[in-house]
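**Student:** Structure incoming, see below.
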Amino acid sequence: MIARHIGCLECGKLWNDRKAGRQFCCTTCRMAFNNRRMKRGAELYDLFRAMRRERDQAKALGLWSEMCRLELRWHQEDEATRPGRRSYMPPAKALANLRETGRLPIGDVLVRDNATGSRRRA
Ligand SMILES: [Zn+2]
1 MIARHIGCLE CGKLWNDRKA GRQFCCTTCR MAFNNRRMKR GAELYDLFRA MRRERDQAKA
61 LGLWSEMCRL ELRWHQEDEA TRPGRRSYMP PAKALANLRE TGRLPIGDVL VRDNATGSRR
121 RA
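What follows is the structure, given as structure tokens:
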């Protein structure tokens with residue numbers, strides 16, 4: 001059976017083939033999509049880690065606002081170069097991908113209370 005796709009996530013091209021669920025028309029588009037995600041993820045990594053581990057300084061420097069400003073720039077770049085096509089995985093898919101690889105720890109996030117040395121939920 002030939003599956004009709006809604007369009008390549010990267011270039012928007014429509015195509016027909018025998019593999020249902022494909023999101024990209026070719027390897028080049030799949031790699032471009034994933035390379036952009038990796039580059040943007042690297043830009044966000046230090047900001048996110050600082051937000052979690054050095055919260056007071058991160059707050060004083062307005063890191064959350066900077067992270068939001070960075071995301072807005074990515075959104076604007078996407079709309080200018082690839083309008084109407086998302087450049088990230090939907091939330092459920094992103095979680096499913098992490099769970100499939102075993103990279104997503106299961107359970108509550110715990111932090112150490114410096115005053116008592118005990119652990120509590122973050
Ligand atoms: Zn494509």
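For the sequence shown, the residue numbers in UniProt numbering are 1 to 122. Virtual Cβ for every residue (Gly too), placed ideally from N, Cα, C. Predicted, not measured: the structure shown is a model, and the values here were computed from it.
1) Taking 8 angstroms as the threshold, find out whether the stretch 91-107 comes into contact with the stretch 44-51 through three or more Cβ pairs.
2) One question on the structure: do Y88 and R30 come within less than 8 angstroms of each other, judged by their Cβ atoms?
3) Tell me the rounded alpha-carbon separation between P83 and D56.
4) Using 8 angstroms as the threshold, is the C-beta distance between R85 and L14 below it?
5) Go through the stretch 2-58 residue by residue and report every complete run of the beta strand (DSSP E) that reaches 3 residues or more, in order.
6) Here's the rule: buried if 16 or more other CB atoms are within 10 angstroms of the residue's CB, otherwise exposed. What is C68?
**Tutor:** According to the structure shown:
1) no
2) For this step, residue 88 is matched to residue 88 along the sequence shown. For this step, residue 30 is matched to residue 30 along the sequence shown. For Y88 and R30, no; Cβs fall outside 8 angstroms.
3) Within the sequence shown, residue 83 is the residue found at index 83, counting from 1. Within the sequence shown, residue 56 is the residue found at index 56, counting from 1. Computed Cα separation, rounded: 38 angstroms.
4) Along the sequence shown, read from residue 1 onward, the residue named residue 85 stands at position 85. Along the sequence shown, read from residue 1 onward, the residue named residue 14 stands at position 14. Cβ atoms of R85 and L14: not closer than 8 angstroms.
5) none
6) On the sequence shown, residue 68 is found 68 positions in, with the first residue counted as 1. With fewer than 16 other Cβ atoms within 10 Å, it is exposed.
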